[in-house]
Amino acid sequence: MNIRNATLEDLTIIHEIETLSFADDSYPPFVLRQLFDISHEYFLVAEDDDKKIMGYVIGNINKNNGRAWLLSLGVHPDARGKKMGRLLTEKLIELLENDLSTEICLTVHPDNASAKKIYEDLGFKSVNTYDNYYNDLEARLLMKKQLITLRFNA
Ligand SMILES: CC(C)(COP(=O)(O)OP(=O)(O)OC[C@H]1O[C@@H](n2cnc3c(N)ncnc32)[C@H](O)[C@@H]1OP(=O)(O)O)[C@@H](O)C(=O)NCCC(=O)NCCS
Numbered sequence: 018m019n020i021r022n023a024t025l026e027d028l029t030i031i032h033e034i035e036t037l038s039f040a041d042d043s044y045p046p047f048v049l050r051q052l053f054d055i056s057h058e059y060f061l062v063a064e065d066d067d068k069k070i071m072g073y074v075i076g077n078i079n080k081n082n083g084r085a086w087l088l089s090l091g092v093h094p095d096a097r098g099k100k101m102g103r104l105l106t107e108k109l110i111e112l113l114e115n116d117l118s119t120e121i122c123l124t125v126h127p128d129n130a131s132a133k134k135i136y137e138d139l140g141f142k143s144v145n146t147y148d149n150y151y152n153d154l155e156a157r158l159l160m161k162k163q164l165i166t167l168r169f170n171a
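For reference, each letter of the sequence shown is one residue, going 18 to 171 in my numbering.
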């Protein structure tokens, strides 16, 4: 497995994985393109041993206050359960930490056990539950990982 920055050419397969992962809630191609434009350094893909892209993660950071977000994480259903999601999340955290993020935020559906397992194992804590965070009448947990020590010690 190899993790690298996404390229423009990767966006079609990323959109396929996004659709398989989020169905009606997936980002349309134009949103992925815009996220690529504003977030390229935090837009990563994971390739399997045949160099086929099977997963991606997208983050961003507000460099004024150091608050970062994990915006999307998806792994192709055929590649799940092999730590790809965890490795993508770890790599994004590393990049954000290196860029002096003070905290990383994300939202996750409370029933999404595999995603929550990854986030909790990597130090994210649930800070709030919202009944209608995305205006879709679905609950979401807001989770945060504090990184403030690194910023002040840097
Ligand atoms: C969430 C997702 C990215 C995980 O990717 P993955 O590569 O399969 O994840 P990993 O293999 O790295 O880790 C999954 C962990 O969840 C655990 N897990 C799986 N099903 C579980 C369940 N029902 N209950 C608890 N833990 C579960 C696995 O055992 C594993 O933990 P371990 O490494 O300690 O054994 C993938 O399932 C996905 O794309 N889902 C749809 C999109 C999504 O939900 N994205 C996250 C939105 S916030």
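Cβ coordinates follow ideal geometry from the N, Cα and C atoms, glycine included.
Where residue i falls: helix, strand or coil (DSSP)
i	result
residue 106	helix
residue 141	coil
residue 131	helix
residue 97	coil
residue 79	coil
residue 38	helix
residue 29	helix
Opposing strand residues paired with residue i [DSSP bridges]
i	result
residue 160	123 and 143
residue 73	62 and 91
residue 19	64
residue 85	78 and 121
Proximity below 9 Å, CB of residue i to CB of residue j
i	j	result
residue 83	residue 118	yes
Taking contact to mean at least 3 C-beta pairs separated by less than 8 Å, is the segment 38–45 in contact with the segment 63–70? Because the criterion of three Cβ pairs below 8 Å is not met, the segment 38–45 and the segment 63–70 do not touch.
Determine contact between the segment 136–143 and the segment 27–34, defined as no fewer than three beta-carbon pairs at a distance below 8 Å. No, because fewer than three Cβ pairs between the segment 136–143 and the segment 27–34 fall closer than 8 Å, the two stretches do not touch.
Contact the segment 100–119 vs the segment 153–160: 3+ CB pairs below 8 Å: In short, these stretches do not touch, since the Cβ pair count stays below three.
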